[in-house]
Amino acid sequence: MTTPALLPLSGRRIPTLSPGGASSFPHHRATLRLSEKFILLLILSAFITLCFGAFFFLPDNSKHKRFDLGLEDVLIPHIDSPKEGKHAPGQVVIHGQGGHDDLRDKIRADHERALQEAKEKLRKSREELQAEIQTEKNKVMEDLKKKDAGPKPLPPVPMPKVVGVSDGEPPETDAKEKRDKIREMMKHAWDSYRQYGWGHNELKPLAKKGHSTNIFGNSQLGATIVDALDTLYIMGLHEEFKDGQEWIEQNLDFGVNAEVSVFEVNIRFIGGLLAAYYLSGQEVFKLKAVQLAEKLLPAFNTPTGIPWAMVNLKSGVGRNWGWASAGSIEQMNNSLWLPRLSASRCFSPLSRFVTLSLSPSLPLCPFFYLCFFFSLSPDHTSVGGLGDSFYEYLLKAWLMSDRTDTEARKTYDDAIEAIERHLIRKSNGGLTFIGEWKNGHLERKMGHLACFAGGMFALGADGSPDDKAGHYLQLGAEIAHTCHESYDRTVLKLGPEAFKFDSGLEAVAVRQNEKYYILRPEVIETYWYMWRFTHDPKYRQWGWEAAQAIDKYCRVSGGFSGVKDVYSSNPTYDDVQQSFFLAETLKYLYLLFSSDDLMPLESWVFNTEAHPLPVLHLGNITLPGSEPAAQR
Numbered sequence: 001m002t003t004p005a006l007l008p009l010s011g012r013r014i015p016t017l018s019p020g021g022a023s024s025f026p027h028h029r030a031t032l033r034l035s036e037k038f039i040l041l042l043i044l045s046a047f048i049t050l051c052f053g054a055f056f057f058l059p060d061n062s063k064h065k066r067f068d069l070g071l072e073d074v075l076i077p078h079i080d081s082p083k084e085g086k087h088a089p090g091q092v093v094i095h096g097q098g099g100h101d102d103l104r105d106k107i108r109a110d111h112e113r114a115l116q117e118a119k120e121k122l123r124k125s126r127e128e129l130q131a132e133i134q135t136e137k138n139k140v141m142e143d144l145k146k147k148d149a150g151p152k153p154l155p156p157v158p159m160p161k162v163v164g165v166s167d168g169e170p171p172e173t174d175a176k177e178k179r180d181k182i183r184e185m186m187k188h189a190w191d192s193y194r195q196y197g198w199g200h201n202e203l204k205p206l207a208k209k210g211h212s213t214n215i216f217g218n219s220q221l222g223a224t225i226v227d228a229l230d231t232l233y234i235m236g237l238h239e240e241f242k243d244g245q246e247w248i249e250q251n252l253d254f255g256v257n258a259e260v261s262v263f264e265v266n267i268r269f270i271g272g273l274l275a276a277y278y279l280s281g282q283e284v285f286k287l288k289a290v291q292l293a294e295k296l297l298p299a300f301n302t303p304t305g306i307p308w309a310m311v312n313l314k315s316g317v318g319r320n321w322g323w324a325s326a327g328s329i330e331q332m333n334n335s336l337w338l339p340r341l342s343a344s345r346c347f348s349p350l351s352r353f354v355t356l357s358l359s360p361s362l363p364l365c366p367f368f369y370l371c372f373f374f375s376l377s378p379d380h381t382s383v384g385g386l387g388d389s390f391y392e393y394l395l396k397a398w399l400m401s402d403r404t405d406t407e408a409r410k411t412y413d414d415a416i417e418a419i420e421r422h423l424i425r426k427s428n429g430g431l432t433f434i435g436e437w438k439n440g441h442l443e444r445k446m447g448h449l450a451c452f453a454g455g456m457f458a459l460g461a462d463g464s465p466d467d468k469a470g471h472y473l474q475l476g477a478e479i480a481h482t483c484h485e486s487y488d489r490t491v492l493k494l495g496p497e498a499f500k501f502d503s504g505l506e507a508v509a510v511r512q513n514e515k516y517y518i519l520r521p522e523v524i525e526t527y528w529y530m531w532r533f534t535h536d537p538k539y540r541q542w543g544w545e546a547a548q549a550i551d552k553y554c555r556v557s558g559g560f561s562g563v564k565d566v567y568s569s570n571p572t573y574d575d576v577q578q579s580f581f582l583a584e585t586l587k588y589l590y591l592l593f594s595s596d597d598l599m600p601l602e603s604w605v606f607n608t609e610a611h612p613l614p615v616l617h618l619g620n621i622t623l624p625g626s627e628p629a630a631q632r
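Reminder that position 281 of the sequence shown reads as 281 in UniProt numbering, one-by-one numbering, no gaps.
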């Protein structure tokens, strides 16, 4: 039986062998040989490509060397090679491959030690770890302090002999009891701020938290601390004074990015720091005062030399409000001492940075302009807000110079004569008041701020020309009486912000926004000056009435607050304890019930924030525009 074919024979081409075993396709072996060559060539090309490409993945030799050196420096202590090829005992040697074992052992030992330290730290409690971290932080801080010792100490300057900085206990029992009450009010105000607003500029006594206004920028400069220091010292509250001093030493920084009022920072901070320095002799206050003065210097870099109203403490960039303050002459009084404290000539020009030339026709300060451009037509002139400091400091510059600055005194006398002629009037009820000049017309309205003028007239009476001392002392008494009436005619016995003398009204506020009392000091300031010069008991009586009203209507559990309507028996609070309440109001009340040997006026001049500065009695001091005291 035959095996069937798997495929049909038709269509098959079976090669036949030629005789001798040759194929019937003569080119068959040649075709196979070419294919094999092609495959081999392809494989060879791939191999060559792979070999050459591998070079691109090899590490760069220089980088490899750097890595080796870095690893060696980090993990193996560097030991200088000994001479003559000898190795020091214990030296780790790396020569080609020879040192790999030692290196490997060193790495392993370091690794095991690090793991062991990590395990030990993990076993420690959270408190122990925090203590270690704090120790390290303290060490870093100590190192930084050693590197940066802070500002260089200022050169020593002769400390003027200060008198009457403590005690002052009155002989009268009644006055002593009232003085003790004022001291207790100060302690309540300070303790409340200490508890609820420490480090902030001011206090919100109802909300019991810190408070600030735009005059201090957006920073916490501790305005109340600086403002209250001298009051604390004068009252003998030395523990509280020490707390404030420590805060200033550790926290008061004038390098902050804050835009502040040049005038307010000057009267509160520089004035407060200088007063604290002269009362206590503590160097930190002198250092801080000079540091701040240097921060304010860029504000005086103006075409006129009259400072900007606002300045950024960090950048030194200044600007003005829509109006400008007349109080920039305040800088003149503080800067009388700055060149002596800092030994820097930078502050000397500030002592006399303007020429005080008043217009003969109307030598008054138009407070919507800087007070020194009297060629401008004054459209708003006042002895109250924005203009009061100008007149006040003409007089006080003369007093602080030990009465040698005759130019300032003459300018003051001319200004006071113009005030009498243009602004002072009597009401239909016989009350003497100081109005405001607006657009050629006298407005019969007096502000609470203008009530300081009674004390100014009394202070400047001695030394007045043409024997007018009695006249100006009487004028001060009349202003004090008018301002007392503004208090006495309210429900709360506290004075309004402004009061009118028109249409049958006598010392009464009309507008709602003029009926508030924000713990202002000007009326009590005048009472104190009038008491010092006359010793008329009514001034102590009036001062005590005001103190009782403040304690009754402004005192809250968290301090003292202003009230919004002094004509209401149920007033609402403004919830602000102003820094000037501690700096001025309570200080003047305390001095009112003290004996005259506490802060005698022959030795001290109070700035507009009630910060006392010593009179320049030293005979070798020469002020610009004046003669030395020894040559008088």
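Note that the Cβ used here is the ideal one computed from N, Cα and C, for glycine as well.
Rounded straight-line distance, which links the Cα of residue j to that of residue i
| i | j | result |
| --- | --- | --- |
| tryptophan 542 | threonine 432 | 18 Å |
| arginine 179 | arginine 444 | 36 Å |
| glycine 558 | serine 280 | 29 Å |
| alanine 408 | glutamate 609 | 20 Å |
| glutamine 282 | phenylalanine 241 | 11 Å |
| threonine 233 | tryptophan 247 | For the record, residue 233 in the displayed sequence is tyrosine; it is not threonine. Rounded to the nearest angstrom, the two C-alpha atoms are 16 Å apart. |
| valine 615 | tyrosine 278 | 11 Å |
| isoleucine 419 | lysine 209 | 43 Å |
| glycine 255 | alanine 309 | 19 Å |
| alanine 549 | aspartate 405 | 41 Å |
Other residues of its chain near residue i: CB distance less than 6 Å, five sequence neighbours each side excluded
| i | result |
| --- | --- |
| histidine 617 | Asp402 |
| cysteine 606 | Before going further, note that residue 606 is phenylalanine rather than cysteine in the sequence given. So the list reads Pro612, once near-sequence residues are dropped. |
| leucine 475 | Phe457 |
| threonine 490 | Val566, Tyr567 |
Burial state of residue i (16 or more Cβ within 10 Å)
| i | result |
| --- | --- |
| phenylalanine 38 | exposed |
| threonine 482 | buried |
| leucine 459 | buried |
| proline 303 | exposed |
| residue 673 | Absent from the structure is residue 673, since the part of the chain shown begins at 1 and ends at 632. |
| leucine 129 | exposed |
| aspartate 110 | exposed |
| glutamate 184 | exposed |
| proline 465 | exposed |
| arginine 540 | buried |
| isoleucine 470 | It should be pointed out that residue 470 corresponds to glycine in this sequence rather than to isoleucine. So glycine 470 counts as exposed. |
| alanine 131 | exposed |
| leucine 394 | buried |
| alanine 46 | exposed |
| aspartate 191 | exposed |
Bridge-paired residues (DSSP) for residue i
| i | result |
| --- | --- |
| histidine 471 | Looking at the DSSP assignment, histidine 471 forms no beta bridge with any residue, so it has no partner. |
| tryptophan 398 | In DSSP, tryptophan 398 forms no bridge with anything. |
| valine 556 | Gly559 |
| serine 261 | Met310 |
| phenylalanine 433 | Arg425 |
| leucine 40 | Leucine 40 pairs with nothing; no bridge assigned. |
| tryptophan 604 | Pro614 |
| proline 573 | Checking the displayed sequence, the identity of residue 573 turns out to be tyrosine instead of proline. Beta-bridge pairing links tyrosine 573 to Val563. |
| glutamate 202 | His211 |
Same chain, Cβ closer than 8 Å to residue i, five either side skipped, listed in chain order
| i | result |
| --- | --- |
| glutamate 485 | Leu431, Glu506, Ala507 |
| leucine 442 | His422, Leu423, Arg425, Gly435, Glu436 |
| tyrosine 516 | Pro496, Glu497, Gly562, Val563, Lys564, Asp565, Val566, Asp574 |
| residue 634 | Absent from the structure is residue 634, since the part of the chain shown begins at 1 and ends at 632. |
| tyrosine 590 | Arg179, Ile182, Arg183, Met186, Thr231, Ile234, Met235 |
| phenylalanine 216 | Asn201, Ala223, Ala258, Val260, Ser261, Glu264, Val265 |
Assigned secondary structure, residue i (DSSP; H/G/I helix, E/B strand, else coil)
| i | result |
| --- | --- |
| proline 614 | strand |
| phenylalanine 499 | strand |
| methionine 185 | helix |
| glutamine 282 | coil |
| tryptophan 542 | helix |
| arginine 319 | strand |
| histidine 238 | helix |
| tyrosine 516 | coil |
| methionine 446 | strand |
| histidine 211 | strand |
| valine 508 | strand |
| lysine 161 | coil |
Proximal residues to residue i (C-beta, below 7 Å), its chain only, five neighbours per side dropped
| i | result |
| --- | --- |
| aspartate 167 | Leu598 |
| lysine 587 | Thr231, Ile234, Ala610 |
| leucine 399 | Val605, Val615 |
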